[in-house]
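Q: Everything in the sequence shown is counted per my numbering, starting at 1 for the first residue and increasing by one.
Just so you know, even glycine gets a beta-carbon here, dropped at the ideal spot from N, CA and C.
I'd like to ask you about the structure that follows.
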Amino acid sequence: MSRATVELPPSTRVFLTRPHTATLTTLRPDGTPHVTPVRFTFDPVTGLARVTTRAGARKARNVAAGGPTARVALCQADGFRWVTLEGRAIVTDGPAGLAEAIHRYAVRYRAAPPTPPDLVVVEIAVDRVLSLNL
Numbered sequence: 001m002s003r004a005t006v007e008l009p010p011s012t013r014v015f016l017t018r019p020h021t022a023t024l025t026t027l028r029p030d031g032t033p034h035v036t037p038v039r040f041t042f043d044p045v046t047g048l049a050r051v052t053t054r055a056g057a058r059k060a061r062n063v064a065a066g067g068p069t070a071r072v073a074l075c076q077a078d079g080f081r082w083v084t085l086e087g088r089a090i091v092t093d094g095p096a097g098l099a100e101a102i103h104r105y106a107v108r109y110r111a112a113p114p115t116p117p118d119l120v121v122v123e124i125a126v127d128r129v130l131s132l133n134l
């Protein structure tokens, strides 16, 4: 998966470090959207957003079913301020990727994420950013 630096205004970078919940939108195999609340991290240097979840969760299954062209959207809102990160997603369970996702989650949310036995990471190569009032 290619990754690129995502240029963001300082106010958007700060907003994305606050411990807010977001929604992750994936597409089911029949093409209908599945929207679920998530916690996530974003690295503007690599342009990579990460969501930890269970391998059996609908969001992970949707991404896996979408293959290498699976697109998703993460939207974090606080009142009328919001940012949406869009991009291609994959599901990974490699030890290095899991460790990085868990570390970043713990830093952002000041607590370790749930770690079920089938923990995976949805990695999103962000290629579009939309925002309002940031």
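For Arg88, count neighbouring Cβ atoms within 10 angstroms of its own Cβ and tell me buried if that reaches 16, exposed if not.
A: In the sequence shown, counting from the first residue as 1, residue 88 sits at position 88. With 16 or more Cβ atoms within 10 Å of its Cβ, Arg88 is classed as buried.
Q: Which residues bound the beta strand (DSSP E) around His20?
A: Your numbering for residue 20 matches position 20 in the sequence shown. Careful: His20 lies outside any beta strand (DSSP E) and carries neither H nor E.
Q: When the distance is taken between beta carbons, is Thr17 closer than 8 angstroms to Thr36?
A: As a working note, residue 36 is residue 36 in the sequence shown. As a working note, residue 17 is residue 17 in the sequence shown. Contact: no.
Q: Do the stretch 27–34 and the stretch 89–107 meet, that is, are 3 or more Cβ pairs less than 8 angstroms apart?
A: No, the stretch 27–34 does not touch the stretch 89–107.
Q: Would you mind giving the Cβ-Cβ distance between Thr26 and Val91, rounded to the nearest angstrom? I have them listed as a contact below 8 angstroms.
A: Position 26 of the sequence shown, counting from 1, holds the residue named residue 26. Position 91 of the sequence shown, counting from 1, holds the residue named residue 91. Their Cβ separation, rounded to whole angstroms, is 11 angstroms, which puts Thr26 and Val91 out of contact at 8 angstroms.
Q: Note down, in chain order, each residue of its chain lying with its Cβ closer than 6 angstroms to the Cβ of Arg81, except the 5 sequence neighbours on either side.
A: Here residue 81 corresponds to residue number 81 of the sequence shown, with the count starting at 1. Excluding residues within five positions, the ones whose Cβ falls inside 6 angstroms are Asn133 and Leu134.
Q: Among all the DSSP beta bridges, which residues are the ones paired with Ile102?
A: As a position in the sequence shown, residue 102 is number 102, starting the count at 1. Answer is none; Ile102 lacks a bridge partner.
Q: How long is the line joining the alpha carbons of His20 and Ser11, rounded to whole angstroms?
A: Reading the sequence shown from its first residue, position 20 is the one you call residue 20. Reading the sequence shown from its first residue, position 11 is the one you call residue 11. Taking the straight line from one Cα to the other gives about 15 angstroms.
Q: Which ranges would you report for the beta strand (DSSP E) in the stretch 54–100 if only whole runs of at least 3 residues count?
A: You should have 71–78 and 81–92.
Q: Hey, could you find the ends of the beta strand (DSSP E) Glu123 is sitting in?
A: By one-based count along the sequence shown, residue 123 stands at place 123. Here the beta strand (DSSP E) through Glu123 covers Leu119 to Leu132.
Q: Start and end of the beta strand (DSSP E) containing Pro37?
A: On the sequence shown, position 37 is the one that residue 37 refers to. Run containing Pro37: Pro33 to Val38, per the beta strand (DSSP E) assignment.
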